[in-house]
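A.B. asks: Taken in order, the sequence shown gives residues 3 to 450; the numbers are from our numbering.
Take a look at the following structure, please.
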Amino acid sequence: MADSRHSDNDAPGQRPESDLPAAQQPTSATKVTVAVVSGPHQGELFEFAQHETLLVGRASIAQLRLNKDRYASRHHLRLEINPPDCYVQDLSSRTGTFVNGERISGVLLQDQDIVTCGHTRMRFSVLEESHGNSSEETVIGDVGILQEANVAESPQEGPQLRGRDRGIVQTIPGYKLLSEIGAGNMGIVYRARRRSTSQDVALKVLVPERATTAESMQLFVREASLLSQLDHPRIVQLFEFGAAAGQLFLAMELVEAEKTRKILNQQSDESRIRMSCTIICHVLDALSYAHSRSLVHRDVKPANILISTAGGKLTVKLADFGLAKNYANAGFSGITKEGEARGTLSFMPPEQIVNCRYAKPCCDIYSTAATLYRFLSDEPLYKFSDEGSALAMILDEEPRSLGELCPHLPEQLTAIVHRGLAKDPADRFVSAREMRRELLPFAKRSSK
């Protein structure tokens, strides 16, 4: 579960796993270290036991600040760690990033790899630790050890479906899988029938990329229980969640959504403004409700805004609340590889690039403003190219002016969008409620 209560001053490798009591914190059998082995910053050491990021460069916001290495760029490289995985991404640096002497754009590191930037050399190491409760019995494969509510032990039932690029997906006890209706970085979504009620639901099945521990599965179930408490007409309802056959699953309200882009492209300029602002006002209403309960979405984007115009009535629902962080916290990869997640990067605020665990309402405000920018212009904030780094663009460059892209937009509306996109969170709206109040006039009346 993503929330807004982490300290701004938490150092990488030192943050708490979550706001769970210490007794409920998961134990990890694997840690990784990043040690500076040569250069002007030799001796600096970072240790990670959970999903975190390490920004390296001369900039003041870098956790490993190379202010003594004049050959390092301001934002030189970014390490995203989720033990034992670590992905290094060059940020369009002047002198390049090298792994074992070979220049790279982005690559998954192996134990004992040497990463070089400027005159600084860092060694990546994987540390295996033995815990009394991390024996082979805790590796998922025998789900009989999972005794909490919502953790299924039932035998398999019904047909098996092949998930896109995921191999065979086992059926979930209590549900009949009918058809695949979507797939993304975190899993596969099926139309399924709940056997106990004959109700059709959207069943999201998350298949780990590698074996994980029972503690990780239990953590996901505990944190998902908090998400199930969200009860708002603009938020997709979570009915049931748990683990079965080494898979996590969430049974959610089925929304017969339409393609938002198609709907908006059919509108006149005036109608598009009104409809876009109406949709975003509904999203901000949902966010205001969740933020008041210390829950942050962390992944607001068009794909997670489900829209229906059935019967001439506009219905808007926000989906996948907190799942991005839950997925990573449960010990699955969750690593943002630039070439695989450009759709998400287009809506990611700079502070989450610096610190992937940063979870405050201001993150959702930025992502919502980026979504409104897309709805109004049909263009992304940044046009990422193969030559440039998407992460570096978000950190260093201002988005293209919405007013220049869409000169017909009212200046006040473009100012609202760009305020929401401010790189400094302090310059954005103080709350979702405030941003909604500013946008509401454009949703209610002609914007001319």
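Virtual Cβ for every residue (Gly too), placed ideally from N, Cα, C.
#1: Taking three-plus beta-carbon pairs below 8 Å as touching, is the segment 41–50 in contact with the segment 352–362?
#2: According to DSSP, which residues form a beta bridge with Gln91?
#3: Buried or exposed: which applies to Glu242, given that a residue is buried once 16 or more other Cβ atoms fall within 10 Å of its Cβ?
#4: Per DSSP, what kind of secondary structure is His133 in: helix, strand or coil?
#5: Expressed to the nearest angstrom, what Euclidean distance is found between the alpha-carbon atoms of Gln65 and Tyr291?
#6: Within the same chain, show all residues whose beta-carbon is closer than 7 Å to that of Ser278, passing over the 5 residues directly before and after it, in chain order.
#7: Going by other Cβ atoms of all chains shown within 10 Å of its Cβ, with 16 needed for buried, is Asp233 buried or exposed?
#8: Which of the three DSSP states is assigned to Ile337 in this structure?
#9: Distance, Cα to Cα, Ala37 vs Gln114?
#10: When we look at the beta-carbon of Ser198 and count the other beta-carbons within 10 Å, is it buried (16 or more) or exposed?
#11: Please classify Ile63: does DSSP put it in a helix, a strand, or coil?
#12: Taking only beta-carbon atoms, is Asp322 less than 8 Å away from chain D?
#13: What are the start and end residues of each continuous alpha helix (DSSP H) run of 4 or more residues lying completely inside the segment 395–436, in chain order?
#14: Report buried or exposed for Glu272, applying the criterion of at least 16 other Cβ atoms within 10 angstroms of its Cβ.
#15: Assuming contact is defined by CB atoms lying nearer than 8 Å, are Asp366 and Val298 in contact in what I supplied?
#16: By Cβ distance, which residues of its chain are closer than 6 Å to Thr317, with the 5 residues on each side in sequence left out?
#17: Which of helix, strand or coil does DSSP assign to Gly314?
#18: Starting from the C-beta of Leu57, find all residues in its chain whose C-beta is less than 6 Å away, skip the five residues before and the five after it, and write them out in chain order.
C.D. replies: Working from what's here:
#1: No: the two stretches stay apart, fewer than three of their Cβ pairs being nearer than 8 Å.
#2: Residue pairing by DSSP puts Gln91 in a beta bridge opposite Arg80, Gly108.
#3: Looking at its Cβ environment, which holds 16 or more other Cβ atoms inside 10 Å, Glu242 is buried.
#4: Bear in mind that the predicted position of His133 carries a pLDDT of just 48, short of 50, making it too unreliable to give a figure here.
#5: When the Cα atoms are used, Gln65 and Tyr291 turn out to be separated by approximately 33 Å.
#6: Closer than 7 Å at the Cβ level, and outside the excluded window around Ser278, lie Leu266, Leu374, Phe377, Leu378.
#7: Taking a 10 Å sphere around the C-beta of Asp233, we find fewer than 16 other C-beta atoms and assign the residue as exposed.
#8: Note: Ile337 maps to coil in three-state DSSP.
#9: C-alpha separation (whole angstroms): 10 Å.
#10: When all chains shown are included, Ser198 counts as exposed.
#11: Looking at Ile63 - three-state DSSP - the assignment turns out to be coil, as it is neither helix nor strand.
#12: The chain labelled as chain D is not found in the depicted structure, where only one protein chain is given.
#13: For the segment 395–436, whole alpha helix (DSSP H) runs of length 4 or above, ordered along the chain, are 404–407, 413–422.
#14: With fewer than 16 neighbouring CB atoms inside 10 Å of its own CB, Glu272 falls in the exposed class.
#15: Result yes, Cβ atoms of Asp366 and Val298 sit closer than 8 Å.
#16: Cβ within range, chain order: Ser310.
#17: Three-state DSSP puts Gly314 in a helix.
#18: Within the same chain, Leu57 has close Cβ partners Ala64, Gln65, Arg80, Val356.
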